[in-house]
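Going left to right, the sequence shown walks through residues 685 to 795 as the working numbering numbers them. The structure appears right after this line, and notes come after that.
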Amino acid sequence: MHAGDEELVGTLRPLWPTTLILNRAGTDLPTRATNIDHGTADLVSVGALALANPDLVERLRSDAPLNTPDPATFYGGGVADCTDYPTHTVRGTASCPPPHTAPPLRPARGR
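Below, the structure is given as structure tokens:
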């Protein structure tokens, strides 16, 4: 979790031997992208944005507006939940393709 301590992140980055994931909850995506561009992080978290935008990747690709996350809808507890956020529509079709259906599993041979 990153709480805005730039000095701490600057100290940790050169010492971190593997992929560094930075969590800047509540910051905008351009700020998070800058962290990657400048080498401050290898990855950035998008947790709440992903919950509020079930088609986040397509929205980012098409520069579509993002739904505003509402923590009261995360992980149940009420009538509305994170599955109730609308997907973005591009040219009259849903921007997120239907889920892929995997073929049925077959038993291993010789068993």
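Yeah, the Cβ is synthetic: ideal placement off N, Cα and C, and Gly gets one too.
Rounded straight-line distance, which links the Cα of residue j to that of residue i
i    : j    : result
D747 : P698 : 33 Å
Y759 : G731 : 12 Å
T718 : R708 : 12 Å
S729 : L740 : 13 Å
L696 : D721 : 17 Å
P714 : L744 : 11 Å
L727 : R716 : 9 Å
T724 : V693 : 7 Å
Residue i - containing alpha helix (DSSP H), residue span
i    : result
A732 : 731 to 736
P698 : 690 to 699
P714 : 713 to 721
Which residues DSSP lists as bridging residue i, in chain order
i    : result
V728 : L706
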